[in-house]
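Asks: Same order as they appear, the protein sequences are chains A and B.
Residue 368 is where the first sequence ends in our numbering, and the numbering goes up by one at each step.
Residue 592 is where the second sequence ends in our numbering, and the numbering goes up by one at each step.
Idealized CB from N, CA, C, for every residue including glycine.
Sharing a structure with you now.
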Amino acid sequence: MTRLEFMQGNTACAEGAIAAGCRFYGGYPITPSTEIAEHMARKMPKIGGVFVQMEDELASIASVIGASWTGARAMTATSGPGFSLMMENIGYAVMTETPCVIVDVQRGGPSTGQPTRASQGDMMQCRFGSHGDMSIIAVSPASVQEMYELTAKAFNLADRYRVPAFVMADEIIAHMRERIEVPDSVEIVPRRPLEKGTLPFAPGEDDVPGFPAFGHGYGVHVTGLTHDDRGYPSSTDPRVHERLVRRLVGKVEGANREIADYEVTNPDAEVVFISYGAPSRSVAQAIRDLDDERVGHLRLKVVWPFPDFALAAFKSARVFLVPELNLGQMAREAARHTAVPVVPVSEIGGELHTPQRLIAMAEGYL
Amino acid sequence: MNYQDWLRADRLPHIYCAGCGNGTVINCTLNAVNQMGWAPEDTVFVSGIGCSSRAPGYIITDSLHTTHGRAIPFATGVKLSRPDLHVVVFTGDGDLAAIGGNHFIHGCRRNIDLTVVCMNNYIYGMTGGQGSPCTPLGAVTTTTPYGCHEPPFDLASLAVAAGANYVSRWTSYHVQELTRAVKTGLETPGFSLIEAVVQCPTGYGRKNKLREAQDMIVWMRDHAVLLKKWRRMDDEGTPHPAGTFPVGEFVRRNLPAAGVPK
Chain A
3 MTRLEFMQGN
13 TACAEGAIAA
23 GCRFYGGYPI
33 TPSTEIAEHM
43 ARKMPKIGGV
53 FVQMEDELAS
63 IASVIGASWT
73 GARAMTATSG
83 PGFSLMMENI
93 GYAVMTETPC
103 VIVDVQRGGP
113 STGQPTRASQ
123 GDMMQCRFGS
133 HGDMSIIAVS
143 PASVQEMYEL
153 TAKAFNLADR
163 YRVPAFVMAD
173 EIIAHMRERI
183 EVPDSVEIVP
193 RRPLEKGTLP
203 FAPGEDDVPG
213 FPAFGHGYGV
223 HVTGLTHDDR
233 GYPSSTDPRV
243 HERLVRRLVG
253 KVEGANREIA
263 DYEVTNPDAE
273 VVFISYGAPS
283 RSVAQAIRDL
293 DDERVGHLRL
303 KVVWPFPDFA
313 LAAFKSARVF
323 LVPELNLGQM
333 AREAARHTAV
343 PVVPVSEIGG
353 ELHTPQRLIA
363 MAEGYL
Chain B
331 MNYQDWLRAD
341 RLPHIYCAGC
351 GNGTVINCTL
361 NAVNQMGWAP
371 EDTVFVSGIG
381 CSSRAPGYII
391 TDSLHTTHGR
401 AIPFATGVKL
411 SRPDLHVVVF
421 TGDGDLAAIG
431 GNHFIHGCRR
441 NIDLTVVCMN
451 NYIYGMTGGQ
461 GSPCTPLGAV
471 TTTTPYGCHE
481 PPFDLASLAV
491 AAGANYVSRW
501 TSYHVQELTR
511 AVKTGLETPG
521 FSLIEAVVQC
531 PTGYGRKNKL
541 REAQDMIVWM
551 RDHAVLLKKW
561 RRMDDEGTPH
571 PAGTFPVGEF
581 VRRNLPAAGV
591 PK
């Protein structure tokens with residue numbers, strides 16, 4: 003049974019998190035993500051969870067990581083400037099393999115930019131913003147329904163791969179109100195506990211160690227320093243560092259096909275749109291209006307790791323058009339993986355691409 | 331258990347310099363924890379970055395060695411999520427008062443049930459002896475080669491003003507008092523700060539005519555003034571001799587606290 007509701011994107015994000023078992027929220031208010039914190043502040047005490055408004059974004063993500071080490075599903079939400087502040091501790095979460103969910107409702111940047119206007123300008127920051135080599139997982143919702151579903155999915159991916167998972171939303175999706183179907187329950191893939199007698203940071207079968215939650219007698223030492231399989235600092239041995247960092251990157255990149263989530267429309271198309279988040283809606287409208295099988299659509303629900311193999315689904319493609327609310331961040335990523343020309347279709351300033359503009363572009367290549 | 335049973339034997343020897351005061355503070359803290367009768371699986375140590383913050387790595391419990399200055403918010407997440415766990419934070423003066431200053435005052439304001447042990451050696455030890463927010467006026471460090479010209483923070487008074495329930499300052503000379511203070515901090519619900527002034531002969535003493543560990547310990551003994559006497563001098567209008575500082579219990583109270591087990 004599902005129930006129908008009329009809901010704002012940010013509320014749906016918070017509700018999806020709660021349905022997925024999130025019981026710790028540490029955050030700091032920032033437009034346009036604030037409604038997520040406000041909803042969590044109302045809901046968490048009623049369901050035995052914790053809401054804490056921390057003193058800044060550095061503290062917010064720190065508290066989330068601390069809570070996660072007790073075994074709790076934990077989340078924070080922010081926007082561009084706050085996201086930048088979180089970067090050091092996001093790297094810590096990667097290095098210590100701490101599952102957590104970070105929602106970035108993107109606004110126009112750089113700097114304080116446009117607090118109330120939409121953007122997709124943080125896509126590269128999410129992937130590469132923290133220092134060092136790393137890999138993370140990110141989803142990008144294109145509807146209020148997906149704010150609910152993909153937030154829940156992010157928790158499962160974070161726990162499955164012991165990695166920070168990002169919900170890369172934008173102001174349009176976060177602030178729009180839509181009818182959504184709220185399910186009775188969502189799939190929960192629990193964090194696999196560390197088997198007693200095994201080392202807390204040993205690779206294991208799939209490079210993802212079991213999780214030694216605090217308070218269960220593991221006596222685990224967690225450090226952001228390069229560490230051996232026991233978790234002990236070992237920061238000068240090049241072999242230890244290389245083995246660890248290659249595993250941290252490999253456990254995500256190696257599971258790309260398992261993690262990938264995307265939709266293909268008209269696989270025989272010659273002109274193919276690649277989109278994620280709000281611009282997907284303009285593309286969908288353009289595809290409907292064109293009603294021409296020579297125009298296709300690859301819509302990404304998981305954006306990182308980038309599903310490079312999905313581009314090969316379009317065997318007749320002559321050009322990929324990538325409408326984004328930035329100057330071509332994911333278009334550049336797509337171009338790394340195909341010999342077919344990739345054309346960024348940029349829209350910055352807060353307005354969404356009109357379907358008419360996309361139709362005209364597609365027709366120009368037919 | 332003996333306090334030595336709390337040490338992670340397979341990680342010893344430690345990385346501290348000869349003569350460092352941090353070992354004394356770790357011993358005092360583990361003695362106090364041991365006296366509490368806590369089980370290691372119910373106890374968590376958290377730290378930021380620096381010499382002080384390597385301490386949890388030598389203790390057998392679950393522990394988080396986090397990012398520079400952020401130990402308190404990490405510990406806040408642990409404590410709010412699992413109030414039944416005992417959470418102790420190791421930090422240093424640079425970690426707590428400079429980069430972590432905002433988290434420090436908000437930890438006190440929130441009065442979160444943590445015991446924070448600050449090893450104040452007046453200096454950044456791990457990066458090689460730069461000035462910190464607690465470097466005394468006139469002291470020579472690698473970044474204050476002509477003598478420190480900025481007045482230092484008084485960490486204990488800051489914690490009292492910001493709302494901590496228990497605040498005490500001792501030195502690595504005052505081993506018994508320090509141990510008792512940590513124990514009182516562990517027993518007190520809410521935020522406890524135990525500031526432990528420690529010798530750093532390598533980074534601080536060498537440049538300030540206190541080359542040997544013993545020189546600094548004697549200096550601390552001779553310059554630490556009991557808080558009662560310090561306040562009596564204030565009341566009498568008697569000036570405090572140069573370089574002296576008060577030690578003792580700054581506050582013990584029962585303001586509303588966060589993260590206290592129900």
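1. Counting only beta-carbon separations shorter than 7 Å, does P413 (chain B) have a partner in chain A?
2. Which residues does DSSP list as the beta-bridge partners of W306 (chain A)?
3. Can a CB atom of chain A be found closer than 7 Å to the CB of V408 (chain B)?
4. Near L6 (chain A), what residues of its chain come up, given a Cβ to Cβ distance below 7 Å and the 5 sequence neighbours on each side ignored?
5. Using a Cβ-Cβ cut-off of less than 8 Å, list which residues of the region 346–380 of chain B approach chain D; keep chain order.
6. Going by the DSSP bridge assignment, what does G110 (chain A) pair with across the sheet?
7. Got a sec: which bits of the region 253–273 of chain A sit with their beta carbon under 8 Å from any beta carbon on chain B, in order along the chain?
8. Taking only beta-carbon positions, decide if L394 (chain B) is within less than 7 Å of chain A.
9. Mind listing the chain B neighbours of D58 (chain A)? Cutoff is C-beta to C-beta under 7 Å, in chain order.
10. If you draw a straight line from the alpha carbon of W549 (chain B) to that of A494 (chain B), how long is it in whole angstroms?
11. Assuming E59 (chain A) contacts T80 (chain A) (C-beta within less than 8 Å), just tell me the rounded distance between them.
12. From this set, B:W560, B:A489 and B:Q529, which residue's C-alpha is nearest R583 (chain B)'s C-alpha?
13. CB-CB under 6 Å to G578 (chain B), same chain, minus the five flanking residues each way: which ones, in chain order?
14. Looking at the strands, I want to know which residues DSSP matches up with A526 (chain B).
15. Under three-state DSSP, which class holds Q122 (chain A)?
16. At a Cβ threshold of 7 Å, is V222 (chain A) touching chain B?
17. Whose C-alpha, out of B:M366, B:A427, B:T359 and B:H344, is nearest the C-alpha of G378 (chain B)?
18. In angstroms with no decimal places, state the Cα-to-Cα distance between E189 (chain A) and N91 (chain A).
19. Count Cβ pairs between the region 7–23 of chain A and the region 145–157 of chain A that sit closer than 8 Å; are there 3 or more?
20. Given 8 Å as the limit, is there contact between the region 510–530 of chain B and the region 352–363 of chain B, that is, 3 or more CB pairs closer than that?
21. Going by DSSP, name the residue or residues bridged to E265 (chain A).
22. Compare the C-beta of T72 (chain A) with all C-beta atoms of chain B and state if any pair is closer than 7 Å.
23. Which of the three DSSP states, helix, strand or coil, is assigned to F580 (chain B)?
24. Can you give me the C-alpha to C-alpha distance between M3 (chain A) and A486 (chain B), rounded to a whole angstrom?
25. Got a sec: is the Cβ-Cβ distance from F483 (chain B) to anything in chain A below 7 Å?
26. Under 8 Å by Cβ, that's how I've got F85 (chain A) and D124 (chain A) pegged, so tell me the actual separation to the nearest angstrom.
27. Whose Cβ in chain A lies nearer than 8 Å to the Cβ of T391 (chain B)?
28. Whole angstroms are fine: how far does the CA of V376 (chain B) sit from the CA of T238 (chain A)?
29. What are the start and end residues of each continuous beta strand (DSSP E) run of 3 or more residues lying completely inside the region 425–482 of chain B, in chain order?
30. Please return the same chain residues whose Cβ sits closer than 8 Å to the Cβ of Q116 (chain A), not counting the five positions on each side in sequence.
31. How would you call P195 (chain A), buried or exposed, if buried means at least 16 neighbouring beta carbons within 10 angstroms?
32. Under the DSSP definition of a beta bridge, which residues are partnered with S393 (chain B)?
33. Going by DSSP, what residue range makes up the alpha helix (DSSP H) through L323 (chain A)?
34. Anything in chain A within Cβ reach of P386 (chain B), meaning under 8 Å, just list it in chain order.
35. If the cut is a Cβ gap below 8 Å, which residues of chain A does R436 (chain B) touch?
36. Chain B partners of L196 (chain A), CB-CB under 9 Å?
Replies: Taking the geometry as given:
1. no
2. A:A140
3. yes
4. R181 and E183
5. No chain D appears in this structure, whose protein chains are A and B.
6. A:Q116
7. none
8. yes
9. N432
10. 29 Å
11. 6 Å
12. B:A489
13. L556 and L557
14. B:M449 and B:W500
15. coil
16. yes
17. B:A427
18. 28 Å
19. yes
20. yes
21. A:R301
22. yes
23. strand
24. 58 Å
25. no
26. 6 Å
27. G221
28. 23 Å
29. 445–450
30. R109, G110, G351 and G352
31. exposed
32. A:H223 and B:F375
33. First-last for L323 (chain A): V321 to E326, but that is the beta strand (DSSP E), not the alpha helix (DSSP H).
34. H223
35. Before going on, a small fix: residue 436 (chain B) reads as His here, not Arg. Residues of chain A passing the Cβ test: M56, E57 and A61.
36. Per Cβ cutoff of 9 Å: no residues; L196 (chain A) is ~12 Å from chain B at best.
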